[in-house]
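Data first, discussion second: the structure below is written as structure tokens.
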Amino acid sequence: MDGKSFLIDTTKCTACRGCQIACKEWNKLPAGETKQTGTFQNPPDLNASTYRLVRFQEYPSEKNYMVWYFFTEACRHCMSPPCKTEADKYVKDCITVDKNGGVQFNEKTKELGANAEKVKAGCPYNIPRLNEATKALVKCHMCYMRVDAGLLPACVKSCPTGALNFGERNDILKLAQTRLAEAKKKFGDKAELINPDEVRAIFLVADTPAKYCEFATY
Amino acid sequence: MTNHWIDIRNADCILIMGSNAAENHPISFKWVTKAQEKGATLIHVDPRFTRTSAKADIYTYLRSGTDIAFLGGMINYILTKELYAKEYTANYTNAPFIVSSKFGFNDGLFSGYDPKTHKYDKAGWTFEKDEKGRDKRDLTMQDPNCVLQRLKKHFSRYTPEIVSSITGTPIPDLLKVYAAYAATGPDDKAGTIMYAMGWTQHTVGVQNIRAMCIIQLLLGNIGIAGGGVNALRGESNVQASTDHGLLFHIWPGYLGTPAASNPTLEDYNKKNTPKTNEPLSANWWQNKPKYMASFLKSMFGDEATKENEFGYSWLPKVDDGVSYTWMDIFDQMYKGKFTGFFAWGQNPACSGANANKTRQALGKLDWMVNVNLFDNETASFWKGPGMDPKQIKTEVFFLPCAASVEKEGSITNSGRWMQWRYKAADPPGDCKPDGDIMVELFEHIRKLYKRYDGVFDTPILNLRWDHVTGGKFDPHAVAKLINGYFEKDTTVQDKTYKKGTLVPAFAMLQADGATSSGNWLFCNSYTDKGNMAARRGKNDPTGLGLFPDWAWCWPVNRRIIYNRASVNAAGKPLAPNKNILEWKDGKWVGDVPDGPWPPLDQKDKGRLPFIMKTDGVAAIFGPGLVDGPFPEHYEPLECPVEKNEMSAQRINPVAPIYGTAADTYTTCDPRYPFVCSTYRVTEHWQTGVMTRWQPWLLETQPQMFVEMSEELAKLLEIKNGDPCIVSSPRGQVEAAAIVTKRLRPFIIQGTTIHQVGIPWCYGWVHPKNGGDSANLLTPSTGDPNTRIPESKAFMVNVVKKGGK
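So the protein lines, in turn, are chains H and W. Per the numbering used here, the first sequence starts with residue 1187, numbered consecutively. Per the numbering used here, the second sequence starts with residue 44, numbered consecutively.
Quick look at the structure:
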């Protein structure tokens, strides 16, 4: 069983943020109070009530004067999750991998206490966040309840352009290669898949990953 | 839209201009993306680099309000390089017609201008006629007075150098865009335009669209798959509101509102029913008397008789030459000419131009009713900023209503698809569907008229009222009435229809009172076959996304209008790779054709493709508008330049100007040095009444902002996120600075001009620190044809809050 995977084709993302809102809606996560600080990106970072965040980055470019990169950031659901390796040292199975390969944080993460910071630090993508009220570690759970019911994850369901894709890992890997070939043709050799063999949330980018997000890769 | 959303995927080149489709019509990008996947080129032209630009193959910028210069340059490019579709323009447009010698154009003014009234006498904007009264033409299009040659002469002035100096667009960018779009001229290529308020909200709004229509006609892009002129409507059902006569100048189905100068229906029909001497023209509007009579029967039922002209005299008339648009209504309200006002499903205190004037105007009413989902700046205007509730006499009633998903009915999208929706949930508390509120209101009014013997009670008492079931508004009954009934046993084309039968299609509507139809364009939408709008068939026989069994589309389920222009005289598709219509074995196959007639080569039987035009062809020379038969560049009413480089006429000579104390305009004023444009964001909708109360959306876009270039921010010593004050002579708003590369200074006439932009989705009611409406700044002027406000180009100042 190869499980499931996402392909996040940033070349097709328009940053409508349907995914960011759909995630909150499905998970009944409250909105925080935010301010306009000089960017469309809001809230400023992932937090205990924001499992998915669209990041905005602008750079000068020879073509069309500039580029504006969008990166819908959430858990990568690593094939060998380092968060689990780290967490198991303190509270066995507070992080599990489900039948689809989804990395799940459960109630037992509350028992991590001060070690929660070490688990957070163990994530190369800087994803887990601590819920200050419950002391649980939280993040994207691959909408396991929807997937079990034969539905797409909420974020994928909301995507109008085909930027977010979800399915059997084999199919997603094939789609990833097709899209990569198209992206290379259109954007040049910098186009790449970010760590496709290591993660279940595979990003396709047209440019150096770090230009999209500080923790796009490690 | 002449075409429809899915059809965007059939385009070879997509021009998005006057629109930020990715942000404001996010789902449209499903189809834009599909076109790009098939190799289409996406061009975005906009003053600001947006989420749309981020996906574009070609992006370039222009100064707000200079679109005609940009497009005029493209027309010049297409004509001088002879890239236009010669057969198409010669046969399907008025390009070969000989323009009257009375028509002229000199230094920015068309012939017939009266400087005293600021109006044109359009009598000379016509064609020469032959002895049979037919428009004279030269099919070789070489006659110096034919439309094509006049067009060529007019736009020869729009050289890349002048266009660049006006727009600020670099010349290489202009040429790149022109070449990419003009490449859709060949028969097998299709180019489409997606535009929205970025084109309409100008003193030259309609002419912006005219300029693009001319380009589309020159390139043979109208009537074909992947082409058309496509307005992205700003509200999910605004297409239906226009179709059903929301605007003052039209009754449902685009029947012109009767004027008091046409006291009888006979006068009206005589004056408004077009006649043609062109034997090949279908001249579909010759049927107007049938649609008028059927509409009046839908209003007054059995009370509407031949003898009383179907109740024509019972409906209100407009005065000739008087404008009753939004801006005029609030101008009159400001002058104290109204006592009461229903602000129904709208928030004029934020949505109209010059919002301070609107807010003052609301205070001059005796009463106002606001029907809305949430509290808003209109309902609460009396306690808003700068208001003293003690001084305001207006009595305000707020009626909470059901949201769109809390009632059943139809929504007609930009692509003219009427789609039926079921009710998903009950409205909360005492909220009622708008239809129920109207039913209760009308029934009470009628009772009062009866009881007190009201003045001119005939239209109230005679109103047809058979669409209420169990005391409630019945959307099915209304939809059937809109479709129309046979009002007596009627024989049409050898078939007899019993009284009470739903009319199968508008070709069967009658002028003698035998039929009713609330809107002839929607006749065929609810028939004996059922509610066509509720259909959900996914059959796509052409493979081009027409989906003829999905919902229903006006007119008569025709998915691409003017589709007869997609075939040659023999009825064969000009683009076999995009075959939406073909004459095969004596009949049309594909989309519903524009009329039943065979192709043009069938002598005396065929008809020209532009059936709604009197002469059967599309208008490159368009004498119908109040500001000229060809587009011409004029500066916005408020602009940063002393001189219009195209002519001595700086602004549109017929642009409306208002004269109250609240109407101030500035131009080339050092106190307001920056061009400003208002716009929307993905995360909020319209004035934000529905979205500002939604915490998830508010979290993503919490506050009013002003976007500016890094260069301007440096000049003004403003840092990213700094609170700023944006002001115009009409008002000011506080906004957080977004300092970005996405805006850049323009070099206009050799001088640096800066532009800023602000969204109009905020208001003082909620959230508390969200800021107020961008429309506090916008001027009361707009397009002279439509009077849509010029919110996309006006002048402001920006300072850091607390600074100088």
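Even for Gly, the Cβ is constructed at its ideal location relative to N, Cα and C.
If the cut is a Cβ gap below 9 Å, which residues of chain H does residue i touch?
| i | result |
| --- | --- |
| G764/W | K1221, Q1222, T1223, G1224 and T1225 |
| T109/W | Neighbours of T109/W on chain H: none; closest Cβ ~18 Å, over 9 Å. |
| T212/W | Going along chain H, no residue has its Cβ under 9 Å from T212/W, so there is no contact; the nearest lies around 12 Å. |
In angstroms with no decimal places, state the Cα-to-Cα distance between residue i and residue j.
| i | j | result |
| --- | --- | --- |
| A1387/H | K1296/H | 26 Å |
| K515/W | G388/W | 20 Å |
| M342/W | N687/W | 50 Å |
| V1240/H | Y1311/H | 15 Å |
| P1346/H | N67/W | 13 Å |
| H161/W | I694/W | 12 Å |
| L217/W | T794/W | 19 Å |
| N562/W | P822/W | 35 Å |
| W1254/H | D230/W | 35 Å |
| P642/W | W631/W | 9 Å |
| K646/W | T534/W | 29 Å |
| D517/W | K450/W | 10 Å |
| A386/W | I1358/H | 51 Å |
| A618/W | A661/W | 19 Å |
| N315/W | A302/W | 11 Å |
| C1326/H | D1195/H | 18 Å |
| G263/W | Q744/W | 42 Å |
Output, in chain order, the set of chain H residues within a Cβ distance shorter than 7 Å of residue i.
| i | result |
| --- | --- |
| R723/W | What R723/W touches in chain H: nothing, since even the nearest Cβ is about 13 Å away. |
| K98/W | T1200 |
| E742/W | A1217, G1218, T1220, N1228 and P1229 |
| K784/W | E1244, P1246 and M1252 |
| K73/W | P1346 and T1347 |
| F748/W | Q1222 |
Let's see if you can read the secondary structure: which residues bound the beta strand (DSSP E) around residue i?
| i | result |
| --- | --- |
| Q244/W | Run containing Q244/W: none; DSSP gives neither H nor E here. |
| T533/W | T533 to V535 |
| Q798/W | Q798 to P802 |
| Q775/W | G774 to T783 |
| Y1330/H | Element bounds for Y1330/H: not the beta strand (DSSP E) but the alpha helix (DSSP H), Y1330 to D1334. |
| C767/W | P766 to S771 |
| V718/W | F717 to Y722 |
| E451/W | Per DSSP, E451/W belongs to no beta strand (DSSP E) and is neither H nor E. |
Which residues in chain W have a C-beta closer than 7 Å to the C-beta of residue i? List them in chain order.
| i | result |
| --- | --- |
| K1210/H | W739 |
| A1201/H | R94 |
| Y1276/H | Per Cβ cutoff of 7 Å: no residues; Y1276/H is ~33 Å from chain W at best. |
Got a sec, what are the start and stop residues for the alpha helix (DSSP H) residue i sits in?
| i | result |
| --- | --- |
| E1354/H | It is not in any alpha helix (DSSP H) - E1354/H instead sits in the beta strand (DSSP E) that spans L1350 to E1354. |
| E80/W | S71 to E80 |
| M655/W | Careful: M655/W lies outside any alpha helix (DSSP H) and carries neither H nor E. |
| A520/W | P518 to N526 |
| L755/W | E753 to L759 |
| N273/W | First-last for N273/W: V272 to A274, but that is the beta strand (DSSP E), not the alpha helix (DSSP H). |
| W739/W | P738 to T743 |
| I111/W | D110 to T123 |
| C1341/H | A1340 to S1344 |
| S207/W | P203 to T210 |
| K1210/H | G1204 to N1213 |
What in chain H is Cβ-close to residue i, meaning under 8 Å?
| i | result |
| --- | --- |
| E726/W | R1203 |
| P90/W | Result: empty, since nearest Cβ-Cβ is about 13 Å, beyond 8 Å. |
| T235/W | Neighbours of T235/W on chain H: none; closest Cβ ~18 Å, over 8 Å. |
| Y102/W | N1250 and Y1251 |
Output, in chain order, the set of chain W residues within a Cβ distance shorter than 9 Å of residue i.
| i | result |
| --- | --- |
| I1194/H | In chain order: nothing, as chain W lies at least about 15 Å away. |
| I1358/H | The premise fails here: I1358/H is roughly 18 Å from chain W at the closest Cβ pair, so nothing lies under 9 Å. |
For residue i, go through chain W and note every residue whose CB falls closer than 8 Å to its CB, in chain order.
| i | result |
| --- | --- |
| I1207/H | W739, L740 and T743 |
Quick check: the region 341 to 353 of chain W against the region 191 to 206 of chain W, are at least 3 beta-carbon pairs closer than 8 Å?
no
- prompt: What runs of the beta strand (DSSP E), each 3 residues or longer, lie entirely inside the region 1237 to 1300 of chain H?
  reply: 1239 to 1246, 1252 to 1259, 1281 to 1283 and 1289 to 1291
**Asked** If we count Cβ pairs, one from each stretch, closer than 8 Å, do we get three or more for the region 736 to 755 of chain W versus the region 787 to 801 of chain W?
**Response** yes
*May I have a chain-ordered list of the alpha helix (DSSP H) segments no shorter than 4 residues that lie completely inside the region 257 to 310 of chain W?*
281 to 286
Secondary structure, beta strand (DSSP E): runs of 3+ residues fully inside the region 319 to 399 of chain W | 383 to 387
Checklist line | Entirely enclosed beta strand (DSSP E) segments - the region 460 to 504 of chain W, minimum 3 residues | finding: 460 to 464
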